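Heads up, the sequence shown is in the working numbering, so the first residue is 8 and it goes up one at a time.
So the structure is just underneath, and the comments pick up after that.
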Amino acid sequence: MNRENASTALNYRRYKDGDIEWKRYEDKIFQAGWSHKCPTYVHKTPPCQGSCPSGHDIRGWLAIARGMDKPPVDGMPWQEYAFRRMVEANPFPAAMGRVCPAPCEDGCNRNEVDDFVGINSVEQYVGDWAIENNMSFPRPSKETGHKVAVIGGGPAGLAAAFFLRRDGHAVTVFESLPELGGMMRYGIPGYRTPRAMLDAEIGRILDMGVEARCGVRIGVDISIDQIDKDFDAVFWAIGAQKGRGLPVDGWDGTPNCLTGVDFLRAFNEGRLKYVTQRIVVVGGGDTSIDVASVARRLGHISTTREKDRPESVVLGHTAHDVAGTAARQGVKSVLTSLFPIEQMTAAEHERQDALREGVEIKGGVMPLEVLKDANGRARALRMCACTMDGMRPIPTEGTEFEIECDLVVSAIGQTGDMTGLDSLDNGRGFIEADRLFRVKGREAKHFAGGDIIRPHLLTTAIGHGSIAAESISKALQGIDDLPKRPRVDVHHFNLLDELRGRGLDPEKFEGPARGTSEADFAVHNYEDRSFAEIIPHGDLFLGHFPYKERNRRPEIHIEGDQVLGNFQERIKSLTEEAAQDEGKRCMSCGMCFECDNCVIFCPQDAVKRTKKSERAVGRYVYTDYIRCIGCHICADVCPTGYIDMGLGE
Ligand SMILES: Cc1cc2nc3c(=O)[nH]c(=O)nc-3n(C[C@H](O)[C@H](O)[C@H](O)COP(=O)(O)OP(=O)(O)OC[C@H]3O[C@@H](n4cnc5c(N)ncnc54)[C@H](O)[C@@H]3O)c2cc1C
Ligand code: SF4
Ligand code: SF4
């Protein structure tokens with residue numbers, strides 16, 4: 008199903024009409040309407056957050072958007088409060104909101120009601136607002152005196168630099184290219200990650216006092232040993248810069264056969280201004296879509312001059328003459344994928360846009376051979392239909408065909424460029440790291456994350472950078488035996504932090520104490536299982552939520568006949584009202600959202616609202632255990648699954 012055309016009706020109900028039987032009686036101990044179990048307020052991680060590789064507190068910032076969680080500082084706009092919450096996990100909300108394929112939305116429990124919450128679009132709205140309103144990051148209040156080198160200025164390196172600098176370390180980012188941003192700048196085209204947006208999000212990290220040394224390649228300009236000597240810790244975030252060629256006859260040494268990353272770098276550096284008349288791109292992921300779509304935008308001009316051929320520009324680091332572009336004409340751009348079209352790894356809306364823009368996509372086909380002309384140049388790609396056995400294509404005999412072309416681009420994956428870094432190479436062009444992102448064999452001082460350990464998404468690289476920064480800070484404090492990561496490894500909501508942020512800290516524990524529901528040193532009735540459990544939709548009372556259509560971002564749809572020379576951005580931000588309304592669609596899985604159901608439905612008047620002066624997110628109601636008879640009605644009517652009949656077990 009096309010995710011963008013998802014449900015326009017209610018999808019699921021926990022109880023159908025007439026369905027009044029308990030499925031598991033052992034969960035519901037009835038004894039003439041009472042039980043020995045009383046409610047506890049149990050905080051769990053929502054699946055959106057569990058599916059976000061950078062571990063965003065999505066439910067938290069959606070609660071801010073809808074106005075339930077009010078800024079703790081008078082006069083702070085809600086957008087700023089949401090922005091501050093977002094960057095606890097990920098300092099690139101405007102970039103994420105544009106190009107993250109949003110696995111969080113696939114995991115969202117609201118899919119079981121009608122349609123996912125537009126998490127990604129709220130992220131973009133807040134990220135854009137932060138740029139328009141010049142949000143900055145504070146410099147650390149204390150310097151630790153430790154020096155950390157970050158090698159690679161892509162999302163992993165910049166995220167690590169942000170978190171390390173927040174911890175008070177002196178951070179130097181070494182970047183081999185002239186500008187920071189990694190694949191956000193040199194891979195993804197500017198109509199998807201606008202450069203002004205990137206400059207703003209990167210600029211505020213540098214403004215914290217992070218030093219950037221661009222145009223310096225570690226392993227070539229500076230040795231690993233030198234870095235080792237000059238810094239207390241090193242984070243390797245060098246990404247996967249080397250594209251893989253096609254493993255077929257005729258590829259090696261053929262001039263007009265290029266890799267996607269080389270092609271896109273030449274385009275993003277402004278050197279490649281046009282391509283050839285017919286291009287075939289082999290892949291199926293984001294890179295292949297970007298190549299095929301960029302080619303449609305660039306167009307071709309009739310030329311036989313050697314220096315103007317795309318390969319001369321892409322590999323020779325020369326540049327096309329702008330004058331020629333006035334005469335550009337359309338390009339036939341064919342994208343092929345081993346997997347059927349609907350299983351391609353590229354984000355679905357990118358695929359839809361590419362099709363609309365006139366890219367021809369052939370799914371379930373595999374390349375067999377590059378066919379060459381008398382001059383040794385590729386003239387066609389021979390292919391056949393295939394089926395997949397896991398990741399292995401099985402050719403279907405008798406289905407061979409040729410696609411005529413004058414440029415073949417391989418976008419089938421990348422590895423790291425380990426020039427001068429042989430001692431870190433695991434033999435497959437990557438660096439081996441453990442769950443704490445320590446480099447195997449160099450655990451004390453060297454850490455690695457992002458595409459160089461496992462190519463995936465921007466948000467994944469950023470998540471690595473954030474966890475690695477934690478590991479590095481601990482190692483710099485002299486903690487040799489780093490603690491294990493929790494099972495649900497995200498930026499957890501913490502009620503104590505929430506209370507502290509509002510000046511509601513519990514009193515100091517003077518101990519010993521036992522069985523009190525009065526003393527102020529404890530947060531009563533509350534249990535945190537967010538580090539171990541993700542709340543499934545079956546634990547929510549979905550009947551509470553009526554159908555509510557998703558607020559969609561306005562999109563600019565570029566048709567095939569308008570794409571030539573068109574480099575405008577295609578998605579627009581939500582309005583403030585739409586972002587707030589989308590916040591209201593969030594069901595707050597695993598966290599009280601102050602609906603009052605439990606207060607209203609309790610037959611014993613045992614559930615009470617917390618005094619206004621003591622309220623915080625996650626502390627809105629409490630149970631008077633003297634009055635509670637354990638009837639479990641509050642747990643049943645709680646829409647968010649926040650209540651467990653656990654106390655007394
Ligand atoms: C074309 C393309 C499109 C993509 N589209 C998307 C998308 O839509 N959504 C998404 O989520 N992800 C997308 N990705 C994936 C995403 O860009 C990567 O997962 C992410 O950029 C990885 O971050 P990184 O910091 O590990 O590496 P990179 O972004 O590659 O950054 C590494 C940096 O290290 C520098 N470097 C390398 N070696 C050295 C050295 N020896 N010394 C100094 N500096 C060095 C490089 O120049 C580079 O700037 C795309 C990738 C590509 C290639
Ligand atoms: S970074 Fe991606 S996965 Fe995480 S919240 Fe944003 S859109 Fe969702
Ligand atoms: S409804 Fe809200 S909290 Fe629940 S999974 Fe979706 S976005 Fe997350």
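We put the CB at the ideal spot given by N, CA and C, even for glycine.
Given the structure is predicted, the values throughout are model-derived calculations rather than measurements.
- The beta carbon of Val614 lies closer than 6 angstroms to those of Cys605, Val606, Val628, Thr630 and Cys641 in the same chain, with the five residues before and after it left out.
- Taken through DSSP and simplified to helix, strand or coil, Leu253 comes out as coil.
- Of all C-beta pairs linking the stretch 590 to 597 to the stretch 632 to 651, three or more are shorter than 8 angstroms, placing the two stretches in contact.
- Leaving aside the five residues that flank Val446 on each side, the residues in its chain whose CB is nearer than 8 angstroms to its CB run, in chain order, Trp243, Leu431, Ile438, Glu439, Ala440, His453, Phe454 and Ala455.
- Counting C-beta pairs closer than 8 angstroms gives fewer than three between the stretch 76 to 95 and the stretch 152 to 166, which falls short of the contact rule.
- Taking 6 angstroms as the cut-off, one finds no heavy atom of ligand 2 near enough to the beta carbon of Asn573.
- Taking the Cα of Pro54 as reference, the smallest distance to any Cα among Arg117, Phe99, Gly550 and Arg105 is reached at Arg117.
- No Cβ-Cβ contact shorter than 7 angstroms links Glu208 with Leu265.
- Membership of Lys236 in the alpha helix (DSSP H) is indicated by the continuous run Ile231 to Asp237.
- DSSP links Met390 through a beta bridge to Pro374 and Phe408.
- Close CB contacts of Arg251 within its chain, under the 8 angstroms cut and outside five residues either way in sequence, are with Thr266, Ser417, Ile419, Gly420, Gln421 and Thr422 (chain order).
- For Asp651, the secondary structure class from DSSP, reduced to helix, strand or coil, is strand.
- Taking non-hydrogen atoms of ligand 2 into account, the C-beta of Glu517 is found less than 6 angstroms away from none of them.
- Counting C-beta atoms within 10 angstroms of its own C-beta, Gly194 has 16 or more neighbours from the protein chains shown and is therefore classed as buried.
- For Ile126, the distance from the CB to the nearest heavy atom of ligand 2 is below 6 angstroms.
- In chain order, Asn116 and Glu119 place their CB closer than 6 angstroms to the CB of His544, counting only its own chain and leaving out the 5 sequence neighbours on each side.
- Using a cutoff of 6 angstroms, the CB of Pro201 does not count as near ligand 1, since none of the ligand's heavy atoms is closer than that.
- Residue burial is scored here from C-beta neighbours: Gln569 has fewer than 16 other C-beta atoms within 10 angstroms and is therefore classed as exposed.
- Under the 10 Å beta carbon count, Phe181 is surrounded by 16 or more other beta carbons and is classified as buried.
- DSSP, read as helix, strand or coil, puts Lys515 in coil.
- Here the distance from the Cβ of Glu87 to the nearest heavy atom of ligand 2 is not below 6 angstroms.
- In this structure Asn532 is buried. Its beta-carbon is surrounded by 16 or more other beta-carbon atoms within 10 angstroms.
- At a cut-off of 6 angstroms, the beta-carbon of Met594 counts as near ligand 3: some heavy atom of the ligand is closer than that.
- Taking the C-beta atoms as reference points, Ala273 is found no nearer than 7 angstroms to Met191.
- By alpha-carbon distance to Ser148, the top candidate from Ala163, Ala166 and Ala177 is Ala177.
- Within the DSSP secondary-structure output, Tyr629 pairs in a beta bridge with Lys615.
- Assignment of Tyr132 by DSSP, reduced to helix, strand and coil, places it in the helix class.
- The closest heavy atom of ligand 3 lies 6 angstroms or more from the beta carbon of Asn433.
- Judged by their CB atoms, Val366 and Ile410 are not nearer to each other than the 7 angstroms cut-off.
- Between Asn263 and Gly383, the alpha-carbon positions lie close to 9 angstroms from each other.
- If you compare the alpha carbons of Asp113, Ala167 and Thr47 with that of Ala468, the shortest gap goes to Ala167.
- A direct Cα-to-Cα measurement between Pro79 and Asp64 gives close to 17 angstroms.
- Look at Cys55: its beta carbon is less than 6 angstroms from one of the heavy atoms in ligand 3.
- Cβ atoms of Thr352 and Gly291 come within 8 angstroms of each other, at about 6 angstroms.
- Here Val227 is exposed: its Cβ has fewer than 16 other Cβ atoms, across all protein chains shown, within 10 Å.
- Just measuring C-alpha positions, the residue of His499, Val644, Asp237 and Met204 sitting nearest Pro100 is Met204.
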